[in-house]
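Engineer: Note that the numbering used here has the sequence shown beginning at 1194, numbered continuously upward.
Cβ atoms here follow ideal geometry from the backbone N, Cα and C, with glycine treated the same way.
Questions regarding the structure given below will be posed in turn.
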Amino acid sequence: MGFSVTFWGVRGTIPCPMASHLGFGGNTSCVEVIAGDQRIILDAGTGLRPLGRKLLAEGVTSATLLLSHTHLDHISGFPFFAPAYTKGFGLRVMSGHLMGSPNIEAVMSRQMERPLFPVPLRTMGGDISFIEIPAGHSFKLAGGVRIHTAALNHPDGATGYRIEHQGHSVAYVTDTEHVTDHLDRNILNLVDGVDLLLYDSTYTDEEWTQRIGWGHSTWMEAVRIARTAHVKQLGLFHHDPDHDDAAMTAIETAARAEFPNCFAAREGTTLVLG
C-alpha cells in the first residue's frame, strides 16, 4: 500500500481561518502517514477533525496517534475526532514527553472536562488506549513499521518521531528550540538520511532572536540540519499565525535558494514517498 504523507494541519499556536492564510492552511498541526496498512497520525491539532471524517468515509478501523506534546494547538482537535466516538474503532494514543503524573490519559481527559468541554472523554465509544514511550526509545508497529523517538527542546517537553517502512522514512520534528551555533545532536541522529524531514520553522532567524525561550525554531536552522544530516527533502512546518500566504511564499522562496529540495507545507497536499 506504499508510504505517503498528507498534511491536515500545518499551522502553529492557533488556528488561522482567514482568507489571507488559506493558501497554506489555517488548521493546527496534524499529519497523516500511511505506511503499508498502518494509519499513523502525527499530532491532534484542529486538522484532526477533517482527517477523522475521511478515515470513517474510507472504512478505516484503527489508527495510531503520536503526540509531539500536549500544548493546546497540538491536541485541541482530539475532542472532535469522530472515529474516537465510533464503537469498534481502535485508537492508540502515544506520547513520549509525559512520564509519570499527570500521564497522557489524564491530560487528554482534562481538556474534555467541564467547564472546558461538555462531553467527557469517557463517553467516547472507541477502543482507546494510552501508551507512554520514553523519548529516545524505538518501537514497532505491525507490518514492519519502525518508529524512533528523540527528546526535543521545548517548554514542558516534546518528542520528535522518525517513521520507517520498507526503506522509506519521514521525520517529524516540531516544537523545538535550537541553540545558536550548536546543532542539536538528538535531532541530527533522528533525521540522518531521512527521505523527508518536517521541521519546526515557525520563525525567521531575525524573528527568533526576539522570541528565545518560546520553544520554536527557524527555517534557516531547518536548512542547516537538513544539510548536515543529508536529508533528501525538507518540509517547513508549524507556520507562525502572523505569516500570511505572502509571507509564507517569500519564506519558501528564500529556503529553496538555500536548499533546493525544500517546500513549505500546505494543508491538503499529499506526498508519496514509496
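#1: Evaluate L1241 with the Cβ neighbour count: other Cβ atoms within 10 Å of its Cβ, from every protein chain shown; 16 or more gives buried, anything less gives exposed.
#2: Ordered along the chain, which non-local residues of its own chain (more than five positions away) have a Cβ less than 7 angstroms from that of G1270?
#3: Helix, strand or coil for K1247 per DSSP?
#4: Would you tell me roughly how many angstroms separate the C-alpha atoms of T1411 and G1245, rounded to the nearest one?
#5: Contact check, A1448 vs L1464 under 8 angstroms by CB: the rounded distance?
#6: With three or more beta-carbon pairs closer than 8 angstroms as the criterion, would you say the stretch 1207-1219 touches the stretch 1335-1348?
#7: Which term fits T1373, buried or exposed, when burial requires 16 or more other beta carbons within 10 angstroms of its beta carbon?
#8: To which residues of the same chain is T1462 closer than 6 angstroms at the C-beta, ignoring the five residues directly before and after it?
#9: With DSSP collapsed to three states, give me the class of I1297.
#10: Put L1241 into one of helix, strand or coil per three-state DSSP.
#11: Is it true that the stretch 1390-1397 meets the stretch 1415-1431, where meeting means three or more beta-carbon pairs spaced less than 8 angstroms apart?
#12: Do three or more CB pairs link the stretch 1320-1330 to the stretch 1293-1302 at distances below 8 angstroms?
#13: Go through the stretch 1273-1356 residue by residue and report every complete run of the alpha helix (DSSP H) that reaches 4 residues or more, in order.
#14: Starting from the C-beta of A1458, find all residues in its chain whose C-beta is less than 6 angstroms away, skip the five residues before and the five after it, and write them out in chain order.
#15: Would you say the stretch 1401-1415 touches the stretch 1363-1378, given that touching needs at least three Cβ pairs under 8 angstroms?
#16: May I ask you to report which of helix, strand or coil DSSP gives W1201?
#17: Which residue comes first and which comes last in the alpha helix (DSSP H) that contains A1448?
#18: Can you name, in chain order, every residue of its own chain whose Cβ lies under 6 angstroms from the Cβ of K1333, other than the five neighbours on each side?
#19: Thinking A1258 and V1226 are a contact (beta carbons under 8 angstroms), I'd like their distance in whole angstroms, please.
#20: Hey, G1350 and H1267 are a contact pair by Cβ (cut 8 angstroms); roughly how many whole angstroms apart?
#21: Which whole-angstrom value describes the C-beta separation of G1219 and D1433, a residue pair presumed to lie in contact below a C-beta threshold of 8 angstroms?
#22: Which same chain residues, not among the five before or five after H1423, have their C-beta less than 6 angstroms away from its C-beta?
#23: Looking at the secondary structure, which residues open and close the alpha helix (DSSP H) in which A1415 lies?
#24: On the three-state DSSP scale, how would you describe R1232?
#25: Can you give the Cα-Cα distance for T1397 and A1440, rounded to whole angstroms?
#26: In terms of residue numbering, what span does the alpha helix (DSSP H) encompassing V1384 cover?
#27: Output needed for M1413: all residues of its chain with C-beta closer than 7 angstroms, excluding positions within five of it in sequence on either side, in chain order.
Structural biologist: Quick answer:
#1: Counting of Cβ neighbours within 10 angstroms places L1241 among the buried residues, the total reaching 16 or more.
#2: C1223, A1237, G1238, T1239, G1240, L1241 and R1242
#3: helix
#4: 30 angstroms
#5: At roughly 16 angstroms, the Cβ-Cβ gap does not stay under 8 angstroms, so A1448 and L1464 are not in contact.
#6: no
#7: exposed
#8: F1200
#9: Helix, per DSSP.
#10: helix
#11: Counting Cβ pairs under 8 angstroms, three or more are found: they touch.
#12: Touching, yes.
#13: 1297-1303
#14: F1200, V1203, G1428 and F1430
#15: yes
#16: Reduced to three states, the DSSP call for W1201 is strand.
#17: D1438 to E1451
#18: R1339
#19: Looking at the sequence shown, residue 1258 is not Ala but Leu. Contact flag wrong, Cβ pair sits at about 11 angstroms.
#20: Actually they are not in contact, since the Cβ atoms of G1350 and H1267 sit about 12 angstroms apart, beyond 8 angstroms.
#21: A Cβ-Cβ separation of about 12 angstroms leaves G1219 out of contact with D1433 under the 8 angstroms criterion.
#22: G1386
#23: W1412 to T1421 is the extent of the alpha helix (DSSP H) around A1415.
#24: Reduced to three states, the DSSP call for R1232 is strand.
#25: 11 angstroms
#26: R1378 to V1384
#27: D1398
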